[in-house]
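>
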Amino acid sequence: MPDSHLIVESLTKTYPGSTASSVDHVDFNLQKGEMLALLGPSGCGKTTILRMVAGLIAPSSGRILLEGRDIAQLPVYRRNMGMVFQSYALFPHMNVAENVAFGLEMRGVPKAERADRVVRALDLVKLSGYGERRITQLSGGQQQRCAIARSLVIEPDLLLLDEPLSNLDAKLREEMRDEIRDIQARTGVTSIFVTHDQDEALSMADRMAVMSAGRIEQIGTPREVFDRPATEFVAGFIGAGNFFSGTASDGQADIPGFGRLAFSEPVPAGTAVRLLVRPHRIVLGDQGPNHFSGVVEHLVYRGQLLTLTVRVGERTIVADLPTHAGKLPALGETVSLSIAPDDVTLIGEAAS
Ligand code: ATP
Numbered sequence: 494m495p496d497s498h499l500i501v502e503s504l505t506k507t508y509p510g511s512t513a514s515s516v517d518h519v520d521f522n523l524q525k526g527e528m529l530a531l532l533g534p535s536g537c538g539k540t541t542i543l544r545m546v547a548g549l550i551a552p553s554s555g556r557i558l559l560e561g562r563d564i565a566q567l568p569v570y571r572r573n574m575g576m577v578f579q580s581y582a583l584f585p586h587m588n589v590a591e592n593v594a595f596g597l598e599m600r601g602v603p604k605a606e607r608a609d610r611v612v613r614a615l616d617l618v619k620l621s622g623y624g625e626r627r628i629t630q631l632s633g634g635q636q637q638r639c640a641i642a643r644s645l646v647i648e649p650d651l652l653l654l655d656e657p658l659s660n661l662d663a664k665l666r667e668e669m670r671d672e673i674r675d676i677q678a679r680t681g682v683t684s685i686f687v688t689h690d691q692d693e694a695l696s697m698a699d700r701m702a703v704m705s706a707g708r709i710e711q712i713g714t715p716r717e718v719f720d721r722p723a724t725e726f727v728a729g730f731i732g733a734g735n736f737f738s739g740t741a742s743d744g745q746a747d748i749p750g751f752g753r754l755a756f757s758e759p760v761p762a763g764t765a766v767r768l769l770v771r772p773h774r775i776v777l778g779d780q781g782p783n784h785f786s787g788v789v790e791h792l793v794y795r796g797q798l799l800t801l802t803v804r805v806g807e808r809t810i811v812a813d814l815p816t817h818a819g820k821l822p823a824l825g826e827t828v829s830l831s832i833a834p835d836d837v838t839l840i841g842e843a844a845s
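Be aware that the sequence shown starts at 494, since it is given in our numbering, and climbs by one per residue.
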């Protein structure tokens, strides 16, 4: 895409001494102002990508084009990147304002302008009036905001965040998600953040790249990735799922030990298919072509949802029901469950 702000092409990193590549021919691009999440299990290569984009480590091969210019071999100080780390990496011997001013000082910005920009950056992260405080006098969330102010004050070409919320407690994490998203939208800074938390990626990113073993399995909007996972890995990593293997015939699949499951995507008869049904798409009652009855074997109350495990034929199905939906099933009860054909997602097919 010619108007992409950032283009990453075939980016690869093989650390010295290892045979496998930690990042293996990764491609993606970012429009100006977009926020991309790199999501995946520990060790899949997220941080390595971020560090290569930042200039902290050199790629083994591949290109990183910022506004059309290849920066892959530029040292970190010649790139204009804002970085926020899990550990915050603030200077403890400096106060808040001095920390935020640091990057401006390094860039030789005159004192009066520096002071001005620090005030604006602190205002942006809701730390006005905290300039004179010592870092040790800030809470975890305030330290994180200070780190964000420090990275934004230089007006970076990219904001790079490595697990920015990992050190915060659950409640603060949720608040900071919204806050980071809000700051990012207000500044319009193109951003990449690394996380292993699917909720964080789903709620914060414009697009997310799901990674496994050094490769991007799928990249798309949170909704595309959640509703239309491209691979079984993505389907299993994001959200819960019921997976079915069967053989297609005329708009449905025959699932051994279970029965027939109608689905909407056209597939030639005889094709071996792998299908996904999200638990929250299953409803109580007999509706449409896909309805099944079975005995409730397990129940977990989760506040807004009740998770049922129901034995149907030789297998079990997991369904999430909203708890406000009238009378809820009990353990041992026989229930009817329905699945709309549109809610059966084809995630794999092979000629058989
Ligand atoms: P985490 O979520 O645990 O931080 P990650 O997805 O960010 O994981 P990376 O830190 O990028 O993963 O690591 C990817 C792979 O590269 C891992 O197998 C890791 O062991 C390896 N690796 C990372 N840094 C080095 C290094 N300096 N030397 C050798 N191997 C490394």
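Cβ coordinates follow ideal geometry from the N, Cα and C atoms, glycine included.
With respect to 7 Å, is the separation between the Cβ of Tyr-570 and the closest non-hydrogen atom of the ligand ATP below this value?
Taken from the Cβ of Tyr-570, every heavy atom of the ligand ATP lies 7 Å or farther away.
> Taking buried to mean at least 16 other C-beta atoms within 10 Å of its own C-beta, is Tyr-849 buried or exposed?
Nothing in the structure corresponds to residue 849, since the chain is present only between 494 and 845.
> Quick check on the burial criterion: 16 or more other C-beta atoms within 10 angstroms. Buried or exposed for Phe-785?
buried
> For Leu-824, count neighbouring Cβ atoms within 10 angstroms of its own Cβ and tell me buried if that reaches 16, exposed if not.
exposed
> Under 7 Å: does the beta carbon of Thr-714 sit that close to some heavy atom of the ligand ATP?
Taking the Cβ of Thr-714 as the reference point, every heavy atom of the ligand ATP lies at 7 Å or farther away.
> Would you mind reading off the limits of the alpha helix (DSSP H) that contains Thr-714?
It is not in any alpha helix (DSSP H) - Thr-714 carries neither H nor E in the DSSP assignment.
> Using only alpha-carbon positions, find the residue among Leu-799, Ile-748 and Val-760 that is nearest to His-773.
Leu-799
> Is the beta carbon of Ser-514 closer than 8 Å to that of Gly-707?
Yes. Within cutoff.
> Does Leu-583 get closer than 8 Å to chain B when you measure Cβ to Cβ?
Of the chains in the structure shown, none is chain B; there is only one protein chain.
> Give me the residue from Tyr-581, Glu-758 and Gly-732 with the minimum Cα distance to Arg-771.
Gly-732
> Is there contact here, the stretch 790-807 with the stretch 687-700, by at least three beta-carbon pairs under 8 Å?
no
> What distance in whole Å lies between the Cβ atoms of Ala-765 and Thr-724, which are believed to be in contact at a cut-off of 8 Å?
Thr-724 to Ala-765, Cβ: 16 Å. No contact.
> Please report the residue range of the alpha helix (DSSP H) in which Val-546 lies.
539-547
> So, is Ser-621 buried or exposed, given that buried needs 16 or more other C-beta atoms within 10 angstroms?
Looking at its Cβ environment, which holds fewer than 16 other Cβ atoms inside 10 Å, Ser-621 is exposed.
> Kindly list the residues whose CB is nearer than 8 Å to the CB of Val-546, restricted to its own chain and excluding five residues on each side of it in sequence; keep chain order.
Once the five neighbours on either side are set aside, the close Cβ partners of Val-546 are Leu-499, Val-501, Ile-557, Met-574, Leu-651, Leu-653 and Ile-685.
> Taking just the CA atoms, how far does Ile-673 sit from Asn-660?
15 Å
> Apply the 10 Å Cβ neighbour rule to Ser-757 and answer buried if 16 or more other Cβ atoms are within range, or exposed otherwise.
exposed
> How far does the beta strand (DSSP E) with Leu-467 in it reach, from first residue to last?
Shown here, the chain extends from 494 to 845; a query on residue 467 therefore has no answer.
> Give the straight-line distance between the Cα atoms of Leu-617 and Phe-584, rounded to the nearest whole angstrom.
20 Å
> Evaluate contact between the stretch 774-781 and the stretch 825-837, counting only Cβ atoms and requiring at least three cross-stretch pairs below 8 Å.
Touching, yes.
> Tell me whether the beta-carbon of Leu-769 lies closer than 8 Å to the beta-carbon of Ile-840.
yes
> Using the three-state DSSP reduction, which class does Pro-509 fall into: helix, strand or coil?
coil
> Under 7 Å from any heavy atom of the ligand ATP, does the C-beta of Gly-538 make it?
yes
> Just to confirm, is the Cβ distance from Ala-851 to Val-593 under 8 Å?
Lying before the first or after the last residue shown, residue 851 is absent from the chain, which here runs from 494 to 845.
> When you measure from the CB of Thr-512 to every non-hydrogen atom of the ligand ATP, does any distance come out below 7 Å?
no
> Specify, as a first and last residue, the run of the beta strand (DSSP E) that Ala-746 falls within.
745-748
> Using 8 Å as the threshold, is the C-beta distance between Tyr-554 and Asn-522 below it?
First, the amino acid is wrong: residue 554 is Ser here, not Tyr. Not in contact: Ser-554 and Asn-522 (Cβ atoms no closer than 8 Å).
> Thinking just about the alpha-carbon of each residue, which of Val-577, Gly-548, Lys-525 and Pro-749 is nearest to the one in Val-569?
Gly-548
> From the DSSP output, read off the bridge partner residues of Phe-686.
Ala-530 and Leu-654
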